[in-house]
Ligand SMILES: [Mg+2]
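Numbering (our numbering), first residue to last: 110 to 322.
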């Protein structure tokens, strides 16, 4: 870790595709989402998949569109679709050590809900190192990148953004964080060139971001 983070007291991490590669788990959750939508809205599986993707891109989380336009019970949907096998995720001791060694508080800010973060962190061996999980339910169903998601996080966790780092794999979720005053970091194999002003740091993954120089 570089001296660039010397002023950081609070560390906010996204979960999916930030702390672990999500595709394996996403397939199982995605299938349950599509089946639930088909049943609840009364459409074919193909149409359900289109709705799922449309609302994800429009609102940042599929459940928001389902609740808004189809009267779906958001909490029931979230609990149902995340009832999958988390044992496909393996403990990551190096990541636990790197995050655990950071000075200050550590938070998860995820657009997931329904116990997803708790189960994923348990499988990854990361449960004990975070001070709090702030999920979609905690955000009153305002997903990132909606500005309310960040305001609610800052208020609920008493975070001073100018002394906090916001880590994400999703580029569009960093701009509102930057506007609030967070230091931002993008993780992932690819990053935009030239780097937008709202992306403060980039690394291939969280471990590369936090490893001592
Ligand atoms: Mg993510």
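Virtual Cβ for every residue (Gly too), placed ideally from N, Cα, C.
Run the proximity test for residue i: is its beta-carbon closer than 7 Å to any non-hydrogen atom belonging to ligand 1?
i	result
residue 123	yes
residue 257	no
residue 293	no
residue 156	no
residue 127	yes
Are the CB atoms of residue j and residue i within a distance shorter than 8 Å?
i	j	result
residue 276	residue 265	no
residue 190	residue 261	no
residue 242	residue 268	no
residue 207	residue 319	yes
residue 74	residue 118	In the structure as shown, the chain starts at 110 and stops at 322, and residue 74 therefore has no counterpart that could be examined.
residue 215	residue 239	yes
residue 233	residue 278	no
residue 280	residue 120	no
residue 246	residue 161	no
residue 256	residue 285	yes
For the alpha helix (DSSP H) that residue i lies in, which residues bound it at each end?
i	result
residue 272	Segment: none, residue 272 is in no alpha helix (DSSP H) and carries neither H nor E.
residue 241	Run containing residue 241: none in the alpha helix (DSSP H); it sits in the beta strand (DSSP E), 241-243.
residue 186	183-190
residue 263	256-266
residue 308	It is not in any alpha helix (DSSP H) - residue 308 carries neither H nor E in the DSSP assignment.
residue 165	154-168
residue 193	Neither: residue 193 is in no alpha helix (DSSP H) and is coded neither H nor E.
residue 202	202-209
residue 377	Lying before the first or after the last residue shown, residue 377 is absent from the chain, which here runs from 110 to 322.
residue 128	Residue 128 -> no alpha helix (DSSP H), and no H or E assigned at all.
residue 279	Run containing residue 279: none; DSSP gives neither H nor E here.
residue 225	225-233
Run the proximity test for residue i: is its beta-carbon closer than 7 Å to any non-hydrogen atom belonging to ligand 3?
i	result
residue 279	Looking for ligand 3 in the displayed structure turns up nothing; the ligands present are ligand 1.
Determine the extent of the beta strand (DSSP E) in which residue i is found, giving its start and end residues.
i	result
residue 320	First-last for residue 320: undefined, no H or E at that position.
residue 217	214-218
residue 291	Residue 291 -> no beta strand (DSSP E), and no H or E assigned at all.
residue 300	Neither: residue 300 is in no beta strand (DSSP E) and is coded neither H nor E.
residue 121	119-122
So residue i packs on residue j, CB below 8 Å; how close in whole Å?
i	j	result
residue 170	residue 252	4 Å
residue 229	residue 259	With a Cβ gap of about 22 Å, residue 229 and residue 259 do not count as contacting.
residue 282	residue 303	The Cβ separation is near 19 Å, so there is no contact.
residue 144	residue 179	Contact doesn't hold; Cβ gap of about 15 Å is too wide.
residue 235	residue 128	7 Å
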